[in-house]
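Q:
Protein chains: 2
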Amino acid sequence: MAVLSGGVGAAKFLQGLVKAVDESEVVAIVNTGDDWYLHGLKICPDLDTITYTLSGQVNTEMGWGRANETWNAMESLEILGGETWFRLGDRDLATHLYRTQRAQSGATLDVITREITEAFSIGCTILPMTNDTVSTKVQIENRADLLDFQEYFVKLRAEPRVSKVAYQGCESASVLKEAMDALLIADQIIIAPSNPILSIEPILSLPGIKECLLERRNKVIAISPIVNGKALKGPAGKIMAELGQEASVLGIAKRYREFAKYLVIDNLDIEYSGEIRNSSMEPVVLGTVMTTPDVATGLAKEIIRLI
Amino acid sequence: MAVLSGGVGAAKFLQGLVKAVDESEVVAIVNTGDDWYLHGLKICPDLDTITYTLSGQVNTEMGWGRANETWNAMESLEILGGETWFRLGDRDLATHLYRTQRAQSGATLDVITREITEAFSIGCTILPMTNDTVSTKVQIENRADLLDFQEYFVKLRAEPRVSKVAYQGCESASVLKEAMDALLIADQIIIAPSNPILSIEPILSLPGIKECLLERRNKVIAISPIVNGKALKGPAGKIMAELGQEASVLGIAKRYREFAKYLVIDNLDIEYSGEIRNSSMEPVVLGTVMTTPDVATGLAKEIIRLI
């Protein structure tokens, strides 16, 4: 079972999925387009959000970062006049220190990720989509240069109007072999309820991924991150609208229908079922709002029954 | 007043000196030979020890690091199996995050140091000896490669026998102009009671420094870090002995006599006064063990009276 994954939404779904099936069968293929360097540290937000969530150590209030966190480094950095808009808790910092040190020793991201997830006693497989660098860049109005995703997303709180999103390096990046293998043999390929443009598209932009999904379309189930015309979290709806796409489950269907047979939509969007079917996807109407881990498990159970 | 400075011993002396004189007249020229990178972060132990000490924020028990420190990052890093032998407290980490981010933005070490010392409300001037990279390396018995100073000093607790110390990059490094200017005009040039081989020699190894001190020998006062045949702190005595030098104030006199007129020795070493005088330095017998900041201030007052 392979899951194309972004951050918070994917983490919640995976948390349900590993309880619905034998967790050792779950392979999360995780977006690394929003990885970046700050303060000299290599930061992988989506990998960490999933690791912390699956290990029960995520800050559930924020959805990212670690529970029981302290902020002494950031507090001191603020006094120094440093860049503190990207909040790195003291315990969270350890993950970045470790990753950076290992990377500088020559370890690849998949190896480092395995080491970290083992230390967090994660029972499923968490893979970066690639060991190469792919950088999601965002063009906003009134600025000529492309912004790093995190600068747009965190520093500017995803407020400016987006005119373009680019995935720098995607053409020359290689999908992690283990990830491609998982996609080739998976009984189900699930596209998590993550931002389609910022989290899923970087994965799809890697050479070979779309072809593989096209090939295996009958096994591909996408979960809409848009419910009732709004993203559950984050700017997915806003960005889709700004890029001229329909910010509804129909917009999601348009993005995924070519290579996904099923589209899981929320009960609130049942009215769109007909149109989704007309767009040649099979609509699956479920409660998709994962308010608790148990709800997520219930959703996962329904989804794995589909195929 | 210019002070050639290492870490803990120099910091204690400077803490006394800034109370004995107008602190704005004090220029500390600080060893950067033991600067290094760990976890991708740029770490400058001597600059930080002096900054934390002068701002009253040093961990007085350890002599380095910050007071009221927490260790959540290190604790988490330990669980990850990361390198934790070099202890970086959560608040201390902020300094390294700031320095690394600024360095990667193109700021030079002197500029970054000024920013940090200003944030810590330091009233004197703290200068790195150079903006270039000089790396103190240590050769130990039974190992062919040169170790980074911190690896020898912290990881191996300065235990292995030292056969050679090298200051990589010193020939091609440029003394910070502001530091050279300070040496040229200082009424007094004080060599702090720091490790002569690991802290002072890296400064002396920079092009032009020794020549300047030779030129101004009458203004140069060295304070012995060796008292009663032992270093007050750290492995100065041990390393001097291992390198075949006398681990006493006489060994210190030998190292400094060429370019320093005065040698401040402790009361306990009064017996060596004659020999020091014979070696053409002027011995100054004082209480040099800085058990409290007030003792340090007293020592500083005596020393500045010399010239």
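Chain order of the listed sequences is A and B.
Just so we're aligned, residue 1 is where the first sequence starts under our numbering, counting upward by one.
Just so we're aligned, residue 308 is where the second sequence starts under our numbering, counting upward by one.
Glycine residues also receive a C-beta, built at the ideal position from the N, C-alpha and C atoms.
Predicted model, so just to flag it, every value in this text is computed and none were measured.
Just checking, does the region 146 to 161 of chain A make contact with the region 229 to 242 of chain A on the three C-beta pairs under 8 angstroms criterion?
A: Under the three-pair Cβ rule at 8 angstroms, the region 146 to 161 of chain A counts as touching the region 229 to 242 of chain A.
Q: Between 12/A, 269/A and 187/A, which lies nearest to residue 292/A when the distance is taken from Cα to Cα?
A: Checking every option, the nearest Cα to that of residue 292/A belongs to 12/A.
Q: What does residue 119/A touch in chain B if you count any residue whose Cβ is under 8 angstroms from its own?
A: Residues of chain B passing the Cβ test: 386, 387 and 388.
Q: Spatial neighbours of residue 61/A within its chain, please: CB distance less than 6 angstroms, with the 5 preceding and 5 following residues excluded, ordered by chain position.
A: none
Q: Could you tell me which residues DSSP puts in a beta bridge with residue 435/B?
A: According to DSSP, residue pairing for residue 435/B in a beta bridge involves 337/B.
Q: How close, in whole Å, do the beta carbons of residue 4/A and residue 126/A come, if the pair is a contact with beta carbons under 8 angstroms?
A: About 13 angstroms; that fails the 8 angstroms criterion.
Q: Can you find a CB in chain B that lies within less than 7 angstroms of the CB of residue 101/A?
A: Cβ-Cβ to chain B under 7 angstroms: yes for residue 101/A.
Q: Which residues of the region 16 to 49 of chain A have a Cβ closer than 9 angstroms to any Cβ of chain B? Give them in chain order.
A: Result list: 37, 38, 39, 40, 41 and 42.
Q: Name the DSSP bridge partner or partners of residue 481/B?
A: None, per the DSSP bridge assignment.
Q: Around the Cβ of residue 571/B, are there at least 16 other Cβ atoms within 10 angstroms (buried) or fewer (exposed)?
A: buried
Q: Using only alpha-carbon positions, find the residue among 532/B, 493/B, 521/B and 480/B that is nearest to residue 505/B.
A: 532/B
Q: Is residue 75/A helix, strand or coil when you go by DSSP?
A: DSSP places residue 75/A within a helical segment (H, G or I) once states are collapsed to three.
Q: Consider the Cβ of residue 459/B: report whether some Cβ of chain A lies at a distance smaller than 7 angstroms.
A: It does not; no Cβ of chain A falls within 7 angstroms.
Q: With C-beta atoms as the reference, is residue 521/B less than 7 angstroms away from residue 566/B?
A: Yes, they are a contact pair.
Q: Considering only C-alpha positions, which residue in the set 115/A, 92/A, 124/A and 111/A is nearest to residue 22/A?
A: 124/A
Q: Going by C-alpha to C-alpha distance, which of 556/B, 422/B, 428/B and 580/B sits closest to residue 435/B?
A: 422/B
Q: Pull up the CB-CB distance for residue 472/B and residue 516/B, whole angstroms please, since I reckon it's below 8 angstroms.
A: Between residue 516/B and residue 472/B the Cβ distance is about 17 angstroms, and since that is not below 8 angstroms, they are no contact.
Q: What ranges does the beta strand (DSSP E) occupy inside the region 222 to 288 of chain A, keeping only unbroken runs of at least 3 residues that lie completely in it?
A: You should have 262 to 266 and 282 to 286.
Q: Tell me the DSSP secondary structure of residue 473/B in three-state form.
A: strand
Q: Residue 29/A to residue 19/A, Cα distance in whole Å?
A: 18 angstroms
Q: Assuming residue 15/A is part of the alpha helix (DSSP H), what are its boundary residues?
A: First-last of the alpha helix (DSSP H) with residue 15/A: 8 to 20.
Q: With burial defined as no fewer than 16 other Cβ atoms inside 10 Å of the residue's Cβ, what is the status of residue 452/B: buried or exposed?
A: exposed
Q: Under 8 angstroms Cβ-Cβ, which residues of chain A neighbour residue 422/B?
A: 80 and 81
Q: So the alpha helix (DSSP H) residue 52/A belongs to, where does it begin and stop?
A: Start and end: 45 to 54.
Q: Are the C-beta of residue 163/A and some C-beta of chain B separated by less than 7 angstroms?
A: Residue 163/A does not count as touching chain B.
Q: Between the region 475 to 492 of chain B and the region 435 to 444 of chain B, do at least 3 Cβ pairs fall closer than 8 angstroms?
A: yes
Q: Between which two residues does the alpha helix (DSSP H) holding residue 423/B run?
A: 416 to 426
Q: Taking the beta carbon of residue 349/B as the centre, do at least 16 other beta carbons fall within 10 Å, making it buried, or is it exposed?
A: buried
Q: Return the first residue and the last residue of the alpha helix (DSSP H) that residue 300/A is part of.
A: That run of the alpha helix (DSSP H) goes 293 to 304.
Q: Under a Cβ-count criterion, where at least 16 other Cβ atoms within 10 Å of its own Cβ denotes burial, should residue 395/B be classed as buried or exposed?
A: buried
Q: Within this structure, are the beta carbons of residue 231/A and residue 206/A separated by less than 7 angstroms?
A: no
Q: Can you give the beta carbon distance from residue 257/A to residue 281/A, rounded, assuming they're within the 8 angstroms contact cut?
A: 5 angstroms
Q: Using a C-beta to C-beta distance shorter than 7 angstroms, which residues of chain A count as neighbours of residue 397/B?
A: 70, 72, 73 and 90
Q: Tell me where the beta strand (DSSP E) around residue 139/A begins and ends.
A: 135 to 140
Q: Have a look at the DSSP bridge pairing and note the partners of residue 58/A.
A: 66/A
Q: Have a look at 301/A, 261/A and 119/A and flag the residue whose alpha-carbon is nearest the alpha-carbon of residue 191/A.
A: 261/A
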